[in-house]
Amino acid sequence: MIGRLGKPGRGTFVAPAILRVNGIAEIGGEVFGPVLHVATFLPHDLARVIDEINASGYGLTFGMHTRITARMRDIWQRLKVGNIYINRNQIGAVVGSQPFGGEGLSGTGPKAGGPHYLPRFQKPRARQLDLQPQTFPGPTGESNTLYLAPRGRVLCLGPGDDDRRSQVTLAERFGNEAVVPARDPAPEKLADDDDIAVVAYWRHDDRLADIRRALSRREGPIVALMTSCFETDRLVVERHVCIDETAAGGNITLLAQPPSRHA
187 MIGRLGKPGR GTFVAPAILR VNGIAEIGGE VFGPVLHVAT FLPHDLARVI
237 DEINASGYGL TFGMHTRITA RMRDIWQRLK VGNIYINRNQ IGAVVGSQPF
287 GGEGLSGTGP KAGGPHYLPR FQKPRARQLD LQPQTFPGPT GESNTLYLAP
337 RGRVLCLGPG DDDRRSQVTL AERFGNEAVV PARDPAPEKL ADDDDIAVVA
387 YWRHDDRLAD IRRALSRREG PIVALMTSCF ETDRLVVERH VCIDETAAGG
437 NITLLAQPPS RHA
């Protein structure tokens, strides 16, 4: 314990606290409350720290302060986090500028306020998924960029051979690992496979209903279900990077300041 404030005598409150930990592995999960965990590390341990963040399974937001452009780029490219804020605060995501949403245990689907959010509520239709980074407007001195990254291991279940071949092609086109099992697994087995990110099955029948039920019983991150060749957005995750570029030129007093809202 580094410090803790008092709390009111009446009502249900959690007193704000600052706790010292040896690393993110000690926390064990997301803590939604007025609690700040502090861990220190040496510069040569930075790669290990990033690996531990990714290994936690949670990936909502990440904040970083640095004036070293190469370090900035190396870190955010390795992170499995939905929203990454550099040289600015981590709150106040603006619709149209910073589409918001996490991945892994912190993700539920397309980012709120992003280009793939509303289409998820519509009937799937043929559309070209743009893999190029997309820039969004923001205040002067702030860059906002949305990137698409491979979701992971795709289980290609057909049901037909042509379906499987198409599923493999699409999965690999978006940088994923495609897996075609020698024997189709029973739907209930899908609840126990910890190493799949997407299940592709393109026939609306009783087996699809069984697959849905099995995936709904899974623990851990949501596994995407791709039910047609049109649902290519299931094969990627969205990562948004917001950078306050006014703090990159050597003025260290700008690092902890919110971006200017003046044009």
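In our numbering, each residue's number is its place in the sequence shown (first place is 1) plus 186. Ideal Cβ positions, reconstructed from N, Cα and C, are used throughout, including at glycine.
query	result
Secondary structure of Ser329, DSSP reduced to three states	strand
Contacts around Gly268, its chain only, beta-carbon distance under 8 Å, and the 5 residues preceding and following it disregarded	Gly245, Leu246, Thr247, Phe286, Gly287, Gly288, Glu289, Ser292, Gly293, Lys297, Val423, Glu424, Arg425 and His426
The stretch 341 to 358 touching the stretch 296 to 313, judged by at least three CB pairs closer than 8 Å	no
Cβ contact check for the stretch 409 to 422 and the stretch 390 to 399: 3 or more pairs under 8 Å	yes
C-alpha distance - Ile429 paired with Gly361, whole-angstrom precision	26 Å
Contacts around Thr255, its chain only, beta-carbon distance under 6 Å, and the 5 residues preceding and following it disregarded	none
Whole-angstrom C-beta distance between Ala386 and Gly338, which should lie under 8 Å	The Cβ separation is near 13 Å, so there is no contact.
Supposed close pair Glu431, Gly327 - CB separation, criterion 8 Å	5 Å
Nearest neighbour of Pro194, chosen from Pro202, Ile188 and Leu341 [CA to CA]	Pro202
Coarse secondary structure for Arg339, derived from DSSP in three states	strand
DSSP-derived helix/strand/coil call for Met258	helix
For Asp231 and Leu343, the rounded distance between their alpha carbons	41 Å
Whole-angstrom distance between Asp370 and Tyr242, CA atom to CA atom	The sequence shown places Ser at residue 242, not Tyr. Straight-line Cα distance between these residues: approximately 31 Å.
Chain-order list of residues whose beta-carbon lies under 7 Å from that of Arg403 (same chain, five-residue window excluded)	Ala377
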